[in-house]
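Enquirer: Heads up: the sequence shown runs through residues 758 to 887, numbered per the numbering used here.
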Amino acid sequence: MDVPARLRYSTNHEWIDDTAEPATVGITAFAAAALGDVIYAELPEPGTHLAAGEVCGEVESTKSVAELYMPVSGEIVATNEAVVADPGLIGADPYVDGWLFRVRLTDVPPLMTADEYRAHLTETDNGGAS
758 MDVPARLRYS TNHEWIDDTA EPATVGITAF AAAALGDVIY AELPEPGTHL
808 AAGEVCGEVE STKSVAELYM PVSGEIVATN EAVVADPGLI GADPYVDGWL
858 FRVRLTDVPP LMTADEYRAH LTETDNGGAS
């Protein structure tokens, strides 16, 4: 499973690249694979202030609908209009073209490293605590 080392991860399978401001957020390849073919994405509006853990949108696939959770606190400054127009980008390239939104950070809770996220996936697959 592709888990880029430069990113940090939430237990809800969102990733964040906070190496530049504003930070970029998306869902992981694991989440994208679990969803299957994504056919709709509802993303937060620019100017919206959200706290870590809040529902900030949803993605719908041919299999299910999944809520998106804000992995950090901050103000949404941009959404990926290419994903709104072609939600399939989320599954095709979740870490580059399939990013979801950009956020100006106000608070960053503890997030997992790539190694910690891989361990989390292994624990989850084996029925362990998440």
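The C-beta atom is built at its ideal place from N, Cα and C for all residues, glycine as well.
This structure is a prediction, so every number in the text was calculated from the model and none was measured.
Using the rule of at least 16 other Cβ atoms within 10 Å of the residue's Cβ for burial, across every protein chain shown, is VAL840 buried or exposed?
Expert: Locating residue 840 in the sequence shown gives position 83, counting from the first residue. Counting the other Cβ atoms within 10 Å of the Cβ of VAL840 gives 16 or more, which makes it buried.
Enquirer: Ignore the nearest five residues each way along the sequence and tell me which others in ILE833's own chain have a CB closer than 6 Å to its CB.
Expert: Working through the sequence shown from its first residue, we reach residue 833 at position 76. If we look at ILE833 and ignore the five residues flanking it on each side, its Cβ neighbours are PRO801, PRO803, THR805, PHE858 and VAL860.
Enquirer: In whole angstroms, give me the CA-to-CA distance for ARG763 and GLY814.
Expert: What you label residue 763 is simply residue 6 of the sequence shown in a count that begins at 1. What you label residue 814 is simply residue 57 of the sequence shown in a count that begins at 1. So the alpha carbons of these two residues sit roughly 24 Å apart.
Enquirer: Checking 7 Å against the spacing of the C-beta atoms, do LEU878 and VAL829 come in under that value?
Expert: Locating residue 878 in the sequence shown gives position 121, where the first residue counts as 1. Locating residue 829 in the sequence shown gives position 72, where the first residue counts as 1. No, the pair does not count as a contact, with Cβ atoms beyond the cut-off.
Enquirer: Hey, quick one: how far does the beta strand (DSSP E) through VAL834 stretch, first residue to last?
Expert: The residue labelled residue 834 in the question sits at position 77 within the sequence shown. Where VAL834 is concerned, the enclosing beta strand (DSSP E) stretches over 830 to 836.
Enquirer: What's the gap between the Cα of GLU799 and the Cα of ARG875?
Expert: Residue numbering aside, residue 799 sits at position 42 when the sequence shown is read from its first letter. Residue numbering aside, residue 875 sits at position 118 when the sequence shown is read from its first letter. Looking at the two C-alpha atoms, the distance is approximately 27 Å.
Enquirer: Can you tell which of GLU880, PRO866 and VAL865 has the C-alpha that lies nearest to the C-alpha of ASP872?
Expert: Reading the sequence shown from its first residue, position 115 is the one you call residue 872. Of the listed residues, the one whose Cα sits closest to ASP872 is GLU880.
Enquirer: Just to confirm the assignment, what range does the alpha helix (DSSP H) spanning LEU846 have?
Expert: For the purposes of this step, residue 846 is identified with residue 89 of the sequence shown, where counting begins at 1. Start and end: 846 to 849.
Enquirer: Go ahead and label ALA780 buried or exposed: buried means 16 or more other beta carbons lie within 10 angstroms of its beta carbon, across all protein chains shown.
Expert: The residue labelled residue 780 in the question sits at position 23 within the sequence shown. Buried.
Enquirer: Which residues in the same chain as VAL760 place their Cβ atom closer than 6 Å to its Cβ, once the five residues preceding and following it in sequence are excluded?
Expert: As a working note, residue 760 is residue 3 in the sequence shown. Contacts found: ALA871, TYR874 and ARG875.
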